[in-house]
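Numbering (my numbering), first residue to last: 46 to 197.
Encoded as structure tokens, the structure appears first; notes follow it.
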């Protein structure tokens, strides 16, 4: 007789679990993403393909010869997943095997920062940096080189 409430709980939890699976399948970022550089950097209108090469460490230098410093958001963040899917063409989780292979070639992944504010401040202070933030986090301290619309 005590099992009956547990059974009911299990059936009641099933729709909740199904809703969770559906939610996880949807894009978790609801706002646009802005790829940003230092305000003095002449890099307006960088193509998504070039930005992907930068973040995959296949392109390492600005046209002036300075090393590019790409900055990622933290693993597991919705904005990183959105950036990875839209610009790199892969889920963030699929990039682990890519970086494992690159590591043994002596190539490290981009550094990570934990917030839009941290990325914006770093990029504003470092002329060689490139990063991405939520579109609403952009201010006059950085220059937007690519805007990525949120999925509808």
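Every residue, glycine too, gets a C-beta built ideally from N, C-alpha and C.
Asked: For residue 118, name the three-state secondary structure that DSSP assigns.; Found: strand
Asked: Can you give the Cα-Cα distance for residue 81 and residue 149, rounded to whole angstroms?; Found: 29 Å
Asked: With DSSP as the reference, please indicate the residues paired to residue 133 in a beta bridge.; Found: Bridge partners of residue 133: none, in fact.
Asked: So, do the stretch 158-170 and the stretch 181-188 have three or more beta carbon pairs nearer to each other than 8 Å?; Found: yes
Asked: For the beta strand (DSSP E) that contains residue 188, what are its first and last residues?; Found: 188-193
Asked: Start and end of the beta strand (DSSP E) containing residue 160?; Found: Here residue 160 belongs to no beta strand (DSSP E), and DSSP marks it neither H nor E.
Asked: For residue 178, which of 87, 192, 145, 170 has the nearest alpha-carbon?; Found: 192
Asked: Closest to residue 156 by CA distance: which of 102, 79, 86 is it?; Found: 102
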